[in-house]
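Student: Protein chains in written order, with numbering that gives the first Met the number 0: chain A, 0 to 358; chain Z, 0 to 162; chain R, 0 to 147.
Every residue gets a Cβ at the ideal spot worked out from N, C-alpha and C, and that includes glycine.
Quick one: structure below, then a few questions.
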Amino acid sequence: MTGSRRPLTGPAAQRLAFGCLAACSVVSGLAPARPAAALPGPGLGAGPVETSAVELLDRAREAAETQSFDGMVAVVWRDGRDQHSEQVPVSSAGGVLRFGDEVVGAGARRMVHGTDGWFSLWGHDVTTLGPPPTAKYRLAVEPGPEVAARPTDVVDVQLVGADRIRERLYVDRQSGLVLRRELLDSRGDPYRSVAFTAITSGTVGAEAATAGAPGVIRSQEPVPARHLKAPFKLRSRIGTGYRLVGAYKAGGVVQQFFSDGLHGLSVFEQRGHLGAAETTLAGQSGTGREVEISGHTMRAYSASVGDAVVWDSDGMVYTAVTDAPWSDLAGAVRDLPHADPPGRLRRVAQTVVSLFRWR
Amino acid sequence: MTGEVPTWEEVARTHGRFLYNVAYRLAGNDDDAYDLVQEALLRVRKGLETYQPGSMEGWLSRIVTNVFLDEVRRKRRRPVEVMPDDPERLLPSTPGADERTDGFSDDVQSALHHLPEEFRTAVVLCDVVGLSYEEIADAIAVPVGTVRSRIHRGRRLLRTALQ
Amino acid sequence: MIPRDPGADHLDDVLSAYLDDELAPAARHEAEAHLAACAGCRAELDEVSAARRAIRILPVHAARRPLVGTESGGLPGTPGVPRPPSRRRAVWALAAAVAAAIAFLLPRDPEVAPSLPSLADSHAARASITGDPLTQLAPIAVPVRFGP
C-alpha cells in the first residue's frame, strides 16, 4: 500500500470554495517578512503569502500525511475530577501515519490492531464538504511559544460573539504540523489536549520507512446510508453550527456524523432501551457520571477520544460522541429526542393533564 | 366559593395562574416551573378527595412548595456534574412577543433565585403568596421561629444582592 | 455593614415579624420603643423593608405556553388557545386506543448496551478524515478506555 496523497476533496476543496472567507480571517501579529522557503507544502507559490488561520490548519492536515517525522505525543483529558495522561509514540513515513503498534492512517484508510489482527475502521474518501469554520468561529493567528522545542504559530479559537478563547492549536513553523491542540475551560486552563512532547523531522528509522500499511484482516467500516427508514431520521443540523456530513450504518447502528468546520460530532442510534441505570456499558467502560441536560438526567463518559453521553428515548438508544467542548455536546443532546419514561415528573402532561384545557 | 369541594378542572382553571406564578418564583425558570405545576396539579387531583374547604390558595401553596422541596432534596442526593467549560449562548434567547419584562423584575427574580432554597421558600410564601407565619410553618413543617428567621435572613441577603 | 452598638440586644428577625404584622401587641410596643432608640436597627429595618417591598411588587409571572398538552408539542403557538373539551377528549381517547393497539403488535424493544469504546473509535476514525489526523487518531492509540 503506497502512501497516495489524498485527492483534492474535503478541506482542500473547502479552501478553494471559500477563499474569500479565508482571506477575511483575522490575522494579527504575524511576522510579515517570513521567507517563502519556510512555508510548508508544495504548490503554494513563492513570495510572501498572507497566511490565514484557516489555510494554516488546512496545510497542517496535509502535512500530517506528507511529512516524515518521528516523535512522542501526550494525550491528556479530564473525566469528573481526575486528570489522565498517556504517551503515544508516533511516526510518519511514505504517507503512512503510525501510532504505537495499534493505529495506522494512510490516505483515507484507518486501521486498528485488535486482539486478533488488524481491522479497518474507515476506508473511503469523503466528498461532502462541511461548513466553513468561520461561520461559527473567529480564528486568530499569532506567534506562539515553543512546543517540543519547536517555534510555533498559535491559532486562537473563539466562538463568534464570545470573548473566551476556547481552543488553541499550535502549528509548527518548520513542518506545518499541529504540534499541540488543547481545549480550554472557563478559567483558561487546558482540560483536554493532544501534544507532541518530542519530535524529529526528516528521515525516520529504516523499519518504518520500508513497512507500508498493514494488510487488513477484516473490515469494520460502516456502510454509507443514503436513506434512513423510520424510526431513524436524518437530521441536517444539530447543536450550534453542526451540519450533517455523512450517515452510515453498521450492524443495526446508524451513525450520523456532523461537523462545525473545526470539530466532528457523531450521533449513534440503535433501537432498544438501556438496561438499569447502573449497568456498565459494553467494554471496559465505567459506570459514567450523571449529568443533567435540559432537565433530563443521563450518563456521561470521558475518554482520550472525547466525551460521550448515552440515553434512551421512546425505543431508541442514543450515543453522542465528540472531541469538541462539552457545551457543543450538550447543545447537540438537547436537540435530540428525550421522551421521559413512566415514573418521571412529566408523565403527567401526557396522560392525566392532557384531558384538561387550561386558559 | 360556595364552600363545596371544587372539581379539579375548576381549581386548575381558576388558580392555574396563581400556581404558575408561585412555581416560577420558587424554581427560577419557566421549564422547571412548568414541571412543578404539572406535578402539583397531579397531587391536587388526588388531594381533592380529602380536601376540607378552607383557604384554597394556602392549600395549593403548600402543595406546590412541597413538590419544589421534594425536587430540591432529590437533586441534593445525586450531585450533578459540573463541566469544565460553561455552556455558552451564541444568541441571546429572544423573548416572546407577549412577554413583558422590565429590568428591575429580572434583577429581583435573579436575586431571589440565588437565595438558598430554604430562605427562598419562606420569602416566597410570605411575600408572593401572603401566608401568615403560622400558615408557612404548617406548609413546610418547621417551627414559627424558624420561619421568622428564614424570612429575615432571606430578605437581608436579597438586599445585599440588589445593592 | 449597619453600624450598631455591638453590646446591646438588637431586634434581628423581630424586625421582619414587625413588618409582617406578626407581633402580639406587647411585643410590638417593645419593638417600637427599641427602634426609637436604636439607629442601627432603624437602618436594618429600612433595608429589610426594601427587600420585602421588592418581592411584593413583583408582577405575576405568566406561563408562556399552555400548562397542558403533550410533551411532543401538543398545542402549537400562543398559550391559552381554547378548544372545546369534548372534542379534545374524544381525540385523546382515540389516540390512546390506537397507541395501545400498536404497542400490542410491535415486538418489545430489546435491551441494548452500546459498546462505547468501539463507537468512540468509529467516531474518531471518521473525524480524522476531514479533521486533523494527528490529533484525532492519537487518542485511539491510548490504551485506557472510558473512565467513570
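Roughly how many whole angstroms lie between the Cα atoms of E80(Z) and R27(R)?
Tutor: As a first step, residue 80(Z) must be located in the second sequence, where it is residue number 81. As a first step, residue 27(R) must be located in the third sequence, where it is residue number 28. Low confidence applies here, because E80(Z) scores a pLDDT of 49, under 50, leaving its location unreliable; read the following figure in that light. Their backbone Cα atoms lie some 48 Å apart in a straight line.
Student: Cα-Cα, which of Q219(A), E289(A), F195(A) is closest to D69(A)?
Tutor: For the purposes of this step, residue 69(A) is identified with residue 70 of the first sequence, where counting begins at 1. Of the candidates Q219(A), E289(A), F195(A), the one whose C-alpha sits nearest the C-alpha of D69(A) is F195(A).
Student: In terms of residues, what are the limits of the beta strand (DSSP E) holding E145(A)?
Tutor: By 1-based counting over the first sequence, the position of residue 145(A) is 146. E145(A) -> beta strand (DSSP E) spans 136-146.
Student: Assuming H33(R) is part of the alpha helix (DSSP H), what are its boundary residues?
Tutor: Position 34 of the third sequence, counted from the first residue, corresponds to residue 33(R). Start and end: 24-36.
Student: Do you know offhand how far F17(Z)'s Cα is from R147(Z)'s?
Tutor: On the second sequence, residue 17(Z) is found 18 positions in, with the first residue counted as 1. On the second sequence, residue 147(Z) is found 148 positions in, with the first residue counted as 1. Rounded to whole angstroms, F17(Z) to R147(Z) spans 24 Å at the Cα level.
Student: Roughly how far, in whole angstroms, is the beta-carbon of R154(Z) from the beta-carbon of L25(Z), given that I think they are within contact range, below 8 Å?
Tutor: Within the second sequence, residue 154(Z) is the residue found at index 155, counting from 1. Within the second sequence, residue 25(Z) is the residue found at index 26, counting from 1. Not a contact, Cβ separation roughly 16 Å.
Student: Starting from the beta carbon of E110(R), find every residue of chain A whose beta carbon is closer than 8 Å, and list them in chain order.
Tutor: Counting from 1 along the third sequence, the entry for residue 110(R) is found at position 111. Within 8 Å Cβ-Cβ: G271, H272, L273, G274.
Student: Between A302(A) and the rest of its own chain, which residues show a CB-CB distance below 8 Å, the 5 nearest in sequence each way excluded?
Tutor: Taking the first residue of the first sequence as 1, we reach residue 302(A) at position 303. The answer, listed in chain order, is W76, D78.
Student: Let me know if T199(A) comes out buried or exposed under the rule of 16 or more other beta-carbons within 10 Å of its beta-carbon.
Tutor: Taking the first sequence and counting its residues from 1, the one referred to as residue 199(A) is at position 200. Burial call: exposed.
Student: With distance defined between alpha-carbon atoms, name the residue in V74(A), V244(A), P230(A) nearest to R270(A).
Tutor: The sequence position of residue 270(A) within the first sequence is 271, counting from 1. Checking every option, the nearest Cα to that of R270(A) belongs to P230(A).
Student: Answer yes or no: do V74(A) and P138(R) have a C-beta to C-beta separation smaller than 7 Å?
Tutor: Taking the first residue of the first sequence as position 1, residue 74(A) is located at position 75. Taking the first residue of the third sequence as position 1, residue 138(R) is located at position 139. Against a cut-off of 7 Å, the Cβ pair of P138(R) and V74(A) comes out as a contact.
Student: Cα separation between G245(A) and D137(Z)?
Tutor: For the purposes of this step, residue 245(A) is taken as the residue at position 246 of the first sequence. For the purposes of this step, residue 137(Z) is taken as the residue at position 138 of the second sequence. When rounded, the distance between both Cα atoms is 59 Å.
Student: Closer than 7 Å, CB to CB, is N28(Z) near chain R or not?
Tutor: Position 29 of the second sequence, counted from the start, is the residue given in the question as residue 28(Z). For N28(Z), the answer is no, since every Cβ of chain R falls outside 7 Å of its Cβ.
Student: Taking C-beta pairs closer than 8 Å, name the residues in chain Z that E14(R) reaches, listed in chain order.
Tutor: Numbered from 1 along the third sequence, position 15 holds the residue referred to as residue 14(R). At residue 14(R) the sequence reads Leu, which differs from the Glu that was named. What L14(R) touches in chain Z: H151.
Student: Quick one: does H60(R) have its CB under 7 Å from some CB of chain A?
Tutor: One-based indexing of the third sequence puts residue 60(R) at position 61. Closer than 7 Å: no.
Student: Anyone know if the C-beta pair for R149(Z) and A50(R) falls short of 7 Å?
Tutor: Here residue 149(Z) is taken as the residue at index 150 of the second sequence, counted from 1. Here residue 50(R) is taken as the residue at index 51 of the third sequence, counted from 1. For R149(Z) and A50(R), no; Cβs fall outside 7 Å.
Student: Check each residue of the region 80-103 of chain A: if its Cβ is closer than 8 Å to any Cβ of chain R, include it; give the result in chain order.
Tutor: Taking 8 Å as the Cβ-Cβ cut-off against chain R, the residues of the region 80-103 of chain A that qualify are D81, H83, E85, V87, V89, L96, F98, G99, E101, V102.
Student: Is the region 138-149 of chain A close to the region 115-129 of chain A, with three or more CB pairs under 8 Å?
Tutor: Judged by Cβ distances under 8 Å, the region 138-149 of chain A makes no contact with the region 115-129 of chain A, as fewer than three pairs qualify.
Student: Between the alpha carbons of D69(Z) and V36(Z), how many angstroms are there, rounded?
Tutor: By 1-based counting over the second sequence, the position of residue 69(Z) is 70. By 1-based counting over the second sequence, the position of residue 36(Z) is 37. Cα to Cα, the separation comes out at about 13 Å.
Student: Keeping to the same chain, check which residues put their C-beta closer than 7 Å to that of S174(A); ignore five residues upstream and five downstream.
Tutor: Taking the first residue of the first sequence as 1, we reach residue 174(A) at position 175. Correct list, in chain order: P39, A62, Q66, F68, S200.
Student: Report the option in V63(Z), L47(Z), S109(Z) whose CA atom is closest to the CA atom of Q162(Z).
Tutor: The sequence position of residue 162(Z) within the second sequence is 163, counting from 1. Considering only alpha carbons, the answer is S109(Z).
Student: Could you confirm whether any beta carbon from chain Z is found closer than 7 Å to the beta carbon of V47(R)?
Tutor: In the third sequence, residue 47(R) corresponds to position 48, counting from 1. Yes - at least one Cβ of chain Z is within 7 Å of the one on V47(R).
Student: If the cut-off is 9 Å on Cβ atoms, which residues from the region 41-54 of chain Z count as contacting chain R, listed in chain order?
Tutor: Within the region 41-54 of chain Z, no residue qualifies.
Student: Answer yes or no: does any C-beta atom of chain A fall closer than 7 Å to that of R125(R)?
Tutor: Residue mapping note: residue 125(R) aligns to position 126 of the third sequence, counting from 1. So, interface residue.
Student: Can you tell which of G238(A), V253(A), A197(A), P213(A) has the C-alpha that lies nearest to the C-alpha of V222(A)?
Tutor: On the first sequence, position 223 is the one that residue 222(A) refers to. The option with the nearest alpha carbon to V222(A) is V253(A).
Student: Could you work out which residue in G53(Z), Y50(Z), A32(Z), L59(Z) is closest to P65(R) when comparing CA atoms only?
Tutor: Here residue 65(R) refers to the residue found at position 66 when the third sequence is read from its first residue. P65(R) has its Cα closest to that of A32(Z), out of G53(Z), Y50(Z), A32(Z), L59(Z).
Student: Using a Cβ-Cβ distance cut-off of 7 Å, determine whether R55(R) contacts chain Z.
Tutor: Here residue 55(R) is taken as the residue at index 56 of the third sequence, counted from 1. Yes, R55(R) lies at the interface with chain Z (some Cβ there is under 7 Å from its Cβ).
Student: Under a CB-based cut-off of 7 Å, is P24(R) close to chain A?
Tutor: Here residue 24(R) refers to the residue found at position 25 of the third sequence. Answer no: the Cβ-Cβ gap between P24(R) and chain A never drops below 7 Å.
Student: In whole angstroms, what is the alpha-carbon distance linking A92(R) and G46(Z)?
Tutor: Taking the first residue of the third sequence as 1, we reach residue 92(R) at position 93. Taking the first residue of the second sequence as 1, we reach residue 46(Z) at position 47. Because the pLDDT at A92(R) is just 40, under 50, the model does not fix this residue reliably, and the point stays unresolved.
Student: Thinking Y241(A) and S258(A) are a contact (beta carbons under 8 Å), I'd like their distance in whole angstroms, please.
Tutor: As a position in the first sequence, residue 241(A) is number 242, starting the count at 1. As a position in the first sequence, residue 258(A) is number 259, starting the count at 1. Their Cβ separation, rounded to whole angstroms, is 7 Å, which keeps Y241(A) and S258(A) in contact under 8 Å.
Student: Under the criterion of a Cβ to heavy atom distance below 6 Å, does P24(R) qualify as lining the ligand ADP?
Tutor: The ligand ADP is not part of the structure shown, which contains no ligands of any sort.
Student: In the DSSP output, what is E362(A) paired with across the bridge?
Tutor: Nothing about residue 362(A) can be read from this structure; chain A reaches only from 0 to 358.
Student: Over the uninterrupted beta strand (DSSP E) stretch that includes K248(A), give me the two end residues.
Tutor: One-based indexing of the first sequence puts residue 248(A) at position 249. It spans 241-249 - the beta strand (DSSP E) in which K248(A) sits, taken as one unbroken run.
Student: Can you find the residues in the same chain that come closer than 6 Å, C-beta to C-beta, to E167(Z), ignoring five residues on each side of it along the sequence?
Tutor: The structure shown does not extend to residue 167(Z), since chain Z is modelled only from 0 through 162, so no value can be given for it.
Student: Under 7 Å, Cβ to Cβ, is there at least one residue of chain R near S109(Z)?
Tutor: For the purposes of this step, residue 109(Z) is taken as residue 110 along the second sequence, with counting starting at 1. Answer no: the Cβ-Cβ gap between S109(Z) and chain R never drops below 7 Å.
Student: With which residues is R97(A) paired in a DSSP beta bridge?
Tutor: Start at 1 with the first residue of the first sequence, and residue 97(A) comes out as number 98. Looking at the DSSP assignment, R97(A) forms a beta bridge with S90(A), V103(A).
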